[in-house]
Amino acid sequence: MTDAERALWRRLSRRQIDGARFRRQHPIDRYIVDFVCLSAKLVVELDGGQHAEQAEADADAERTRWLAGRGYRVVRFWNHDVLSQPDAVVEEIRRVLNEQSGDPILIFPGEGKTPTCVTRDG
């Protein structure tokens, strides 16, 4: 696990976010996701700098589409944001957990910017 994954796991484990049970490094068919709350079908992925490169971004987009096609909502955060703004990351996860509609796919763009929300429909 990366430092960011360890830091976020300390916040996700033991049902600390509204009682949601998260698993780490969990297989979903052909993918192993960083974190997942199976009951909410919410996947949380953490990205390092290599994910900003086009090939990685394309692979991430395909993975997100594949998971969304199976009913999962996917939230992505930059490692930097998990380490520098852990409370904001946790609050965003809480917000998505409590959201009832729209099946959002969220990307936290980093460097203190506000998360961008894109619905499955585009």
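The sequence shown begins at 1105 in this note's numbering and counts up by one.
Glycine is no exception: its CB is placed at the ideal position from the N, C-alpha and C atoms.
Please read these numbers as outputs of a predicted model, since none were measured by experiment.
Local conformation of residue i per DSSP, three classes
i, result
"Ile-1227", "Outside the shown range of the chain, which is 1105 to 1226, sits residue 1227, and nothing can be said about it."
"Leu-1142", "coil"
"Asp-1162", "helix"
Short Cβ contact (8 Å threshold) for residue i with residue j
i, j, result
"Asp-1133", "Arg-1180", "no"
"Asp-1138", "Leu-1201", "no"
"Cys-1141", "Arg-1125", "yes"
"Val-1193", "Asp-1185", "yes"
"Ile-1197", "Val-1147", "no"
N-terminal and C-terminal residue of the alpha helix (DSSP H) that residue i is part of
i, result
"Leu-1114", "In the sequence on display, residue 1114 carries Arg and not Leu. Per DSSP, Arg-1114 belongs to the alpha helix (DSSP H) from 1107-1116."
"Asp-1191", "1190-1202"
Other residues of its chain near residue i: CB distance less than 6 Å, five sequence neighbours each side excluded
i, result
"Trp-1113", "Arg-1128"
"Gln-1158", "none"
"Arg-1231", "With the chain represented from 1105 up to 1226, any question about residue 1231 goes unanswered, as that position is not in the structure."
Opening and closing residue of the beta strand (DSSP E) in which residue i lies
i, result
"Arg-1180", "1177-1182"
Cβ neighbours of residue i in the same chain (closer than 8 Å, five flanking residues each side left out)
i, result
"Tyr-1235", "Past the boundaries of the shown model lies residue 1235; the chain is included only from 1105 to 1226, so the question cannot be answered."
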